[in-house]
Amino acid sequence: MPKMIRSPLASSTDLELRRLLEAQYRSQNLESFRTNQTIPLQPDRLWVVYRGAVALETLLPDGSEAILGFASTGTFFGQVLSAVNPYRASALAPTDLLPLSIDQVQRSPILARNLLFHALRRLDQASDLKSLLTLKRADERLWQLLQLLDREFGQPLGSARRLNLRLTHRQLASAAQTTRVTVTRLLQLFQAQGRIEIDADRHLWFPAGGKNSPDARGL
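Per my numbering, residue 58 is the first one in the sequence shown, and the count goes up by one each step.
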């Protein structure tokens, strides 16, 4: 599966954006959302994730939810950036968002440049999600999804990496196009294989030296 493209300017771009937001939009109130709370979307407004994590979703004809992507710190999202309808957003963790009007973005070269960068990054992420769904085995789809989440939300701690995001088994099943029961079984298998660990706070860890590919034939 192709790796999500990371611009060599990614870290500096995110830092530039944070400095701008703190310097110029300090007086503009952040809006806070609880875990699983729906985030309102308006055609003339964008959101920037100041801290936290957001799931971007749509509803399928059968009424089930499908995850289109994830927004992490520094990411822009909004109805204006998607042609999908219906288009929904919900907080995956306690999340603070900064609302920006389209006019504010158009008047700021730094905001406009960051918006373009994050739009391209989202396309990479969407491509990764689409690619993992072409995999026939559920264990491969789930493992590639965990790798994508690690790239987006993983934090190095010592020689391991912790996923700073706690998704439910139902959410993982929706993104990996499998069942909640299968996700539960596969996570237990990945733990037994030493490829992941789950701590008391239900954070998922990728230990140093863990295997990089699944071995769960027939799933």
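All C-beta atoms in this analysis are idealised placements derived from N, C-alpha and C, irrespective of residue type, glycine included.
Because the structure is a prediction, the values reported are computed rather than measured.
Beta-bridge pairing of residue i - partner residues as DSSP gives them
i: residue 141; result: Answer is none; residue 141 lacks a bridge partner.
i: residue 200; result: BP columns for residue 200 are empty, so no partner.
i: residue 154; result: 88, 106
i: residue 211; result: 220
i: residue 241; result: Looking at the DSSP assignment, residue 241 forms no beta bridge with any residue, so it has no partner.
i: residue 126; result: 113
i: residue 147; result: 95, 112
Terminal residues of the beta strand (DSSP E) in which residue i lies
i: residue 167; result: Careful: residue 167 lies outside any beta strand (DSSP E), inside the alpha helix (DSSP H) at 166-189.
i: residue 112; result: 111-116
i: residue 220; result: 217-220
i: residue 261; result: 261-263
Given residue i as reference, the closest of the options once Cα atoms are compared
i: residue 260; options: 234, 223, 237, 253; result: 223
i: residue 121; options: 243, 263, 244, 228; result: 228
i: residue 212; options: 262, 190, 169; result: 262
i: residue 210; options: 117, 109, 88, 97; result: 109
i: residue 111; options: 132, 119, 198, 117; result: 132
i: residue 219; options: 89, 114, 117, 256; result: 256
i: residue 168; options: 93, 113, 134; result: 134
i: residue 200; options: 217, 162, 239, 90; result: 239
i: residue 247; options: 145, 198, 188, 107; result: 198
i: residue 243; options: 207, 202, 217; result: 202
i: residue 86; options: 258, 107, 94, 97; result: 107
Residue-chain proximity (residue i, chain C), Cβ-Cβ < 9 angstroms
i: residue 200; result: This model lacks chain C altogether, as it is built from one protein chain only.
Where residue i falls, given that 16 or more other Cβ within 10 Å makes a residue buried
i: residue 215; result: exposed
i: residue 185; result: buried
i: residue 221; result: buried
i: residue 171; result: buried
i: residue 232; result: buried
i: residue 173; result: exposed
i: residue 230; result: buried
i: residue 251; result: exposed
i: residue 154; result: buried
i: residue 152; result: buried
i: residue 235; result: buried
i: residue 249; result: exposed
i: residue 148; result: buried
i: residue 119; result: exposed
i: residue 117; result: exposed
Endpoints, the alpha helix (DSSP H) within which residue i is located
i: residue 253; result: Element bounds for residue 253: n/a, residue is neither H nor E.
i: residue 136; result: Run containing residue 136: none; DSSP gives neither H nor E here.
i: residue 159; result: 159-163
i: residue 227; result: 226-233
Are the region 124-144 and the region 176-190 touching, with three or more C-beta to C-beta distances below 8 angstroms?
yes
Are three or more beta carbon pairs between the region 157-168 and the region 99-116 nearer than 8 angstroms?
yes
Count the C-beta pairs between the region 193-208 and the region 135-144 that are closer than 8 angstroms, then say yes if the count reaches three, no if not.
no
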